[in-house]
Amino acid sequence: MTRMRDRVSDETCVARIERYLEQSALGGFEGRHTALATGDRAISCAVAEMEPLTRAILIVIVARKMSVREVSRRFGMSEERVCRHFRLAVENVARWREIGARHLC
1 MTRMRDRVSD
11 ETCVARIERY
21 LEQSALGGFE
31 GRHTALATGD
41 RAISCAVAEM
51 EPLTRAILIV
61 IVARKMSVRE
71 VSRRFGMSEE
81 RVCRHFRLAV
91 ENVARWREIG
101 ARHLC
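Letter by letter, the sequence shown follows residues 1 to 105 of the working numbering.
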């Protein structure tokens, strides 16, 4: 089952998440940066740099407070795939925070 779920393209998964966010209180996928707004430029830069699926998974886990299991089931991905993208998102934010104000976007 895991292998079949991971055969769905990134674009399809992003489209599923986009539809979900459009129907939610977040006001659509275009509001994704607002959904993660913290006033921290490092986070804003990291989010802007992320691949679409990584950014979308970060949004639903952080802004919508969904568990990895919920994301996996709702959007048809394996938990391993969701964890991989969430880990990439967290690493990206950590890298931008390490860079600091001197090199922000």
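All residues carry an ideal CB built from backbone N, CA and C; glycine is no exception.
Small disclaimer: the values here were computed from a predicted structure and weren't measured.
The three-state secondary structure of residue 24, taken from DSSP, is coil. Here DSSP, grouped into helix, strand and coil, assigns residue 10 to helix. If you draw a 10 Å sphere on the C-beta of residue 56, you find 16 or more other C-beta atoms in it, and that means buried. Residue 67 sits in coil when the DSSP states are folded into three classes, being neither helix nor strand. Under the three-state reduction of DSSP output, residue 78 falls in the coil class, being neither helix nor strand. Per DSSP, the unbroken alpha helix (DSSP H) holding residue 49 starts and ends at 41-49. Ranked by Cα distance from residue 96, the first of 59, 7, 22 and 50 is 50. Of the other Cβ atoms in all chains shown, fewer than 16 fall within 10 Å of the Cβ of residue 67; this residue is therefore exposed.
Distances from the CA of residue 20 to each of 70, 47, 98 and 86 were compared; the closest alpha carbon is that of 70.
The C-alpha of residue 87 lies about 15 angstroms from the C-alpha of residue 77.
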